[in-house]
Amino acid sequence: MALDVGANVECKPQYLVQFAHMGSCYARYLLGRENPRVGLLSIGEEDSKGNQLVQETLPLLRGAKQLNFIGNVEGRDVFNGSCDVIVTDGFTGNVLLKTAESAATFLARSIKDEIQRDPLAMFGSLFMMPALGRLKRKLDWQEYGAVPLLGVNGGCFIGHGASGMRAFRSAIHTLTTFVENRVNEHIREEIQSDNVIPA
830 MALDVGANVE CKPQYLVQFA HMGSCYARYL LGRENPRVGL LSIGEEDSKG NQLVQETLPL
890 LRGAKQLNFI GNVEGRDVFN GSCDVIVTDG FTGNVLLKTA ESAATFLARS IKDEIQRDPL
950 AMFGSLFMMP ALGRLKRKLD WQEYGAVPLL GVNGGCFIGH GASGMRAFRS AIHTLTTFVE
1010 NRVNEHIREE IQSDNVIPA
């Protein structure tokens, strides 16, 4: 998961530390990651890389006791499983989100076009239908329904404007799990225990 993906375009280093705690708690209590790995999105893994915001945030994340901070990560690390939470400002995060959506749509369309172009591939795809169905469900935003607006004092989830019944059902399930697992309380406790000062 990535934070922020558009709510806070102008960020201070303290905000990114708070995002890291929010994402870590969400990954732990909703996604089942026992010790979520947190990475700071940059243009290189080296400590010397990145803009001023990244440079000022890096030591703060390193000093956060409650985080499993693994250091700087690059765009290529977003989908390779090297970390569970990626922290960045809302501008960069939104560009990342829209690029990922576009890439997923392009990939799905390209696979479909190539299969339809070849009769042998069409026949072979019949055997792959269960696997392709699982992949489609994994990438389908309606399976998740909505995403949380973390950092507000309560449960606030944002859904897609084109949401139908299935997306609403998924969103209600996710919101219920969020409240039952007391994610907001855990976020508050973790930030306070790490002495993260709101800016």
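Counting in my numbering, the sequence shown runs from 830 upward without gaps.
Beta carbons: idealized from backbone N, C-alpha and C, even for Gly.
If we require 4 or more residues per run, which alpha helix (DSSP H) segments fall completely within the stretch 860 to 893?
You should have 881 to 891.
Taking DSSP as the reference, what is the three-state secondary structure of Ala991?
Coil at Ala991, not helix or strand.
What separation, rounded to the nearest whole angstrom, lies between the Cα atoms of Gly861 and Asp947?
Using only the alpha carbons, I get a separation of about 41 Å.
With which residues is Gly900 paired in a DSSP beta bridge?
Note: Gly900 sits in a beta bridge opposite Gly868.
Going by DSSP, what residues sit across from Ala831 in a beta bridge?
According to DSSP, Ala831 bridges with Ile915.
Measure how close the beta-carbons of Asn901 and Ser871 come, nearest whole angstrom, since I'm counting them as under 8 Å.
Sure, about 4 Å apart at Cβ, within 8 Å.
Pull the bridge partners of Pro977 from the DSSP assignment, please.
In the DSSP output, where bridge partners are listed per residue, Pro977 has Phe986.
Decide yes or no for the touch test of the stretch 887 to 896 against the stretch 839 to 853: beta carbon pairs closer than 8 Å, at least 3 of them.
Contact between the stretch 887 to 896 and the stretch 839 to 853 is present, because at least three Cβ pairs lie under 8 Å.
Could you compute how far the alpha carbon of Asn1013 sits from the alpha carbon of Ile1020?
So the two alpha carbons sit approximately 11 Å from each other.
State the Cα-Cα distance for the pair Phe935 and Ala1000, rounded to the nearest angstrom.
Whole-angstrom Cα-Cα distance: 26 Å.
Contact defined as beta carbons within less than 8 Å: I believe Val834 pairs with Asn923. What is the distance between those atoms, to the nearest angstrom?
Between Asn923 and Val834 the Cβ distance is about 5 Å, and since that is below 8 Å, they are a contact.
In terms of residues, what are the limits of the alpha helix (DSSP H) holding Glu972?
It is not in any alpha helix (DSSP H) - Glu972 carries neither H nor E in the DSSP assignment.
Classify Gly910 as helix, strand or coil using the three-state DSSP reduction.
Coil, per DSSP.
Going by C-alpha distance, which of Leu979, Ser931, Ala975 is nearest Asn837?
Nearest of Leu979, Ser931, Ala975 to Asn837, Cα basis: Leu979.
Restricting to Cα atoms, I'd like to know which of Ile915, Ser954, Ala933, Phe1007 is closest to Gly983.
It is Phe1007 whose Cα lies nearest to the Cα of Gly983.
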